[in-house]
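Protein chains in written order, with our numbering: chain G, 562 to 809; chain X, 478 to 796; chain A, 13 to 305.
Cβ coordinates follow ideal geometry from the N, Cα and C atoms, glycine included.
The structure presented is a predicted model; accordingly, all values stated were derived computationally and were not measured.
This report concerns only the one structure given below.
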Amino acid sequence: MMAPETNAPLLRISALTKRFGGFTALDNVNVDIRPGERFGLIGPNGSGKTTLINCISGAFRTEAGTVVFRDEDITRLAPHVRTRRGIARSFQIPRPFKSMTVAQNLMVALDFASGTGDFVPAAQRRDTLMSILTRMGLESKADVSATKLSQVELRKMELARAMATHPKLLISDEAMAGLSSSEVDEVLDLLMSLADQGITIIMIEHIMQAVMRFSDRMMCLDAGRIIAIGTPAEVMANQRVQEAYLGT
Amino acid sequence: MSRNSLFFWIGAIVFLAAALLMTQVIGNEYPFFACYVILQFIVLSVSWSILGGYAGYVNFGTSAFFGMGVYTAVFLFKVAGAPLAVQIAAAAAVGALMGFALGLLTMRMQGIFFSIATIALTIVIETSITNWRYIGGAAGIQMQRPPVMAPFNSYVQMLFFVQALLVVLAIGTSRYIQNSWMGHGLQALKDDELAAECTGVPTLRLKLLACVISGALMCAAGAPAAMYLQYADPSSAFNLNYSVTVLAMSLIGGTAHWAGPVVGAILLGTTQQLLTVTISSEINLLVLGVMLVLFVVAAPEGIIGLIRRVRHSRKEGEG
Amino acid sequence: MFSFDLLLDAVVTGVLLGCFYAAVSLGLSLSFGLLDVPHVAHPAFLVMASYGVFFLNERFDIDPLLAGLLITPLLFVFGLGAYRLYYETFEKRGSDAGVRGIAFFFGIAFIIEVLLILQFGVDQQSVTASYIGKAWRIGDMRIPFRLVVAFAVAAALTILLTLYLSRTFMGRAIRAVAQDQEALRLMGANPIRIKQWAFGIATAVLGIAGALLIIVAPVDPTLDRSYIGRTFCVVVMAGLGSMSGTLVAAIILGVAETIVLTLFGASWAPAISFAMLLGILAVRPQGLFGRRS
């Protein structure tokens, strides 16, 4: 586990509010994410976790509040610009490019968001691509069509594609949902090793053991509001968190 | 230049040389009339496919762009007696502008909304032109061809060769796009626009670019048609049949590759010429509609897709 | 010269015409608004129904509205089959279905158009009935009787359909499936059967609507092209999924069209619905009463 290098937050979310018509999905959310942190985000279904991710990545526009990433206000920026600034996300239900192979999927990320400048020769990009796939355990599937992958392979490719954008912040949205316990461990180890390389990771999960093992800090949302934030032990012991999950 | 590119450009030059040779050797005008129409549809289908095939945005406004090409040529000819080259260049500019406006207006629309908006655009433009007396209004306008230049003996032969040039331009552009970063980005956004955006693809910018290029080429294809027919009227220039025909040609040929629309246009264009002359234009449209539905249901990747599948299974059989 | 009477006449006619547009768009409000089917062939189905009515009226002298009722069950079955085909081919497969789905319906519309031309010719056809040709005189206004009939039937149809969707079990199931297909499946209902039924109803409604179409004005096989604009304009302006909104939106369109017709002449009329559609899509794509998507 790496200690945070500076005191300035990597991501600062201030007074973030998101409404859908009359329904308030996020209500005045304030949180700082430190560089290199392993941050767990939990909450019952419909509490606003994915909405928060969508606001951070730019898929949603917000009614109020700001998102500041590495001291730059990105609140009004389009998603692809935020990706280039270093924010990557995976989707709750994997969204592969189905007409492409695994390698081609990653190539899109390398073409558009690798941040290494415009002219990188094809051979070098192929090398980068293969090294990412190897780290994910997908190197044998490089030239396989994305439609032929198993669930866990799809999840890994989601993460691999996100990694190919060379992010500073990676958001993993329920990457372990529906996987067997050995598959969950696979993905968890992957995320741990990514964190060890210095990438800040926000993990949304329902599998409590995984989140608690992974996180330095955790946050629990309920009905669009933060009801607890702190170390995993503190958050899990919080009575409001227990009520939110078990119901009153 | 890569080996594939070399082969392509050699093929293009051979094609143009053959076209030129045709005009010097064949005296009868009919083959040129027929081939002109087929070449025109190749240009239209290939251009359409840049937005419709690569990006997956089904543009039903081909008729609008084609018609504007016709009327840009008519306008410039009537106002200034402009030569053909200027007419075509101006039409391309108009098409680019139209494509840009279409892209901006429909920026946030997806799927069927975009398609309906393009139909709407066609009708609105057609109605506006119908109400414009200066270029003939609803009744249409007749035009006189200027004298033809050497080395061509007839104006139709020259138009035929001009359209052949446009074919090379359109295919060259489409091929370049397919193999470039733009093509990869369009393919990604066609598969999943949100995922593409979050992977760093500037989807709005790419869509706009595709709209502009596609629009410019489609409009340019329409410009020579004014002189070809020596007559223009809004209901034929803006006829929705162009939209359906080009859609069918591209989907039947296959949209993933630049060669798809070419194959589709040649196949359906030839069928069209045969059927219209031997049976009736209605039967031709019926065959078109039926083939479109059949291919969309049973062979969604078009003829190119079928060929790929056959090759693939043969490879697997051998290996 | 601007005449207040002329304007009033236009507004009244526009309202009546608008109600007619509502009847004609109701089916689309179901199939596209609620079920998300890219049904660009809806106007073609409508024209096809009109020709069915024409056929019965010309051959057997059956009153057009009655003829419309008669072909309703046929259309219902046709709708069931059409949705089945659409579902098996497109909705099941997922990716790229959007492009192909639209192309599919466009192709179907085209085929219907050509078949109608081959069978009935390109000329306009109309029906005969006791209420066509007469007019009501109220003060200085002359209201064609057939428009009043269309208005009454359309209003009845809208009310019936709205009631069906809100009061009956099947109707509420249809609205439920539009909002959350998965939840419905978890409750044991078969969402595909429900959608199929809904599409059948959307097509069945076209029986009466088709009768109204040919009552209000003569039809020709290419009429579906002008009605793509009108029906989609109404459905989008209403907001997807809002039946009552359809009536309001349709009246707005009807009035707009009639006023433009009166002030600027018939040559601008075809563009009105499309221009309004473009405007709504650009400015407020969720329409006036749209549901949460």
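For the 8 Å CB-CB criterion, residue 648 (chain G) and residue 618 (chain G) form a contact. Taken in chain order, the whole alpha helix (DSSP H) runs of length 4 or more contained in the stretch 144 to 193 of chain A are 157 to 179, 181 to 191. The beta carbon of residue 577 (chain G) sits closer than 8 Å to those of 587, 589, 590, 591, 613, 616, 623, 625, 626, 627, 628, all from its chain and outside the five residues before and after it, given in chain order.
Less than 8 Å divides the Cβ of residue 761 (chain G) from the Cβ of residue 596 (chain G). Residue burial annotation: residue 783 (chain G) is buried, with at least 16 other C-beta atoms found within 10 angstroms of its C-beta.
Under the 8 Å criterion on CB atoms, residue 677 (chain X) is classed as interfacial with respect to chain G. Nearest Cα to residue 191 (chain A) within the set A:206, A:180, A:179: A:206. Closer than 8 Å to the CB of residue 672 (chain X) there is at least one CB belonging to chain G. Note that the C-beta distance between residue 226 (chain A) and residue 66 (chain A) is below 8 Å. In the structure shown, the three-state DSSP call for residue 653 (chain G) is coil. Contact with chain X is absent for residue 630 (chain G), since none of that chain's Cβ atoms lies less than 8 Å from the residue's Cβ.
Residue pairing by DSSP places residue 601 (chain G) opposite G:764, G:779 in a beta bridge. Not a single C-beta of chain X is nearer than 8 Å to the C-beta of residue 36 (chain A). Assignment of beta-bridge partners to residue 746 (chain G) by DSSP yields no partner.
The beta carbons of residue 81 (chain A) and residue 251 (chain A) sit no closer together than 8 Å. As computed with DSSP, residue 619 (chain X) is found in a beta bridge with X:708.
Residue range 584 to 594 is occupied by the beta strand (DSSP E) that includes residue 591 (chain G).
Chain order gives the chain X residues near residue 661 (chain G) as 661, 664, 665, 668, where near means a beta carbon separation below 9 Å. The C-alpha of residue 684 (chain G) lies about 10 Å from the C-alpha of residue 690 (chain G).
Pairing residue 497 (chain X) with residue 638 (chain X) gives a Cβ-Cβ distance under 8 Å. A:293 is the residue among A:124, A:216, A:293 whose C-alpha sits nearest the C-alpha of residue 249 (chain A). Residue 579 (chain G) is bridged by DSSP to G:587. The three-state reading of DSSP puts residue 501 (chain X) in helix, counting H, G and I together.
Residue pairing by DSSP places residue 633 (chain G) opposite G:630 in a beta bridge. Within the stretch 589 to 610 of chain X, no residue has a Cβ lying closer than 8 Å to any Cβ of chain G.
Collapsing the DSSP output to three states places residue 585 (chain X) in coil. Partner residues in a beta bridge of residue 43 (chain A), as assigned by DSSP, do not exist. By the Cβ neighbour-count rule, residue 242 (chain A) is buried, with 16 or more other Cβ atoms within 10 Å of its own.
Remark: fewer than three beta-carbon pairs, one from each stretch, lie closer than 8 Å, so the stretch 742 to 750 of chain X and the stretch 84 to 93 of chain A are not flagged as touching. One alpha carbon belongs to residue 208 (chain A), the other to residue 100 (chain A), and they sit about 11 Å apart. Taking a Cβ-Cβ cut-off of 8 Å, the neighbours of residue 586 (chain X) in chain A comprise 293, 297, given in sequence order. Of the residues assessed, residue 794 (chain G) falls on the exposed side of the cut-off, its CB having fewer than 16 other CB atoms within 10 angstroms. For residue 75 (chain A), there is no enclosing alpha helix (DSSP H), since its DSSP letter is neither H nor E.
Annotation for residue 156 (chain A): 147 place their beta carbon closer than 7 Å to its own, counting only its chain and skipping 5 residues before and after. For residue 798 (chain G), the secondary structure class from DSSP, reduced to helix, strand or coil, is helix. In terms of CA proximity to residue 761 (chain X), X:749 leads the group X:749, X:492, X:667.
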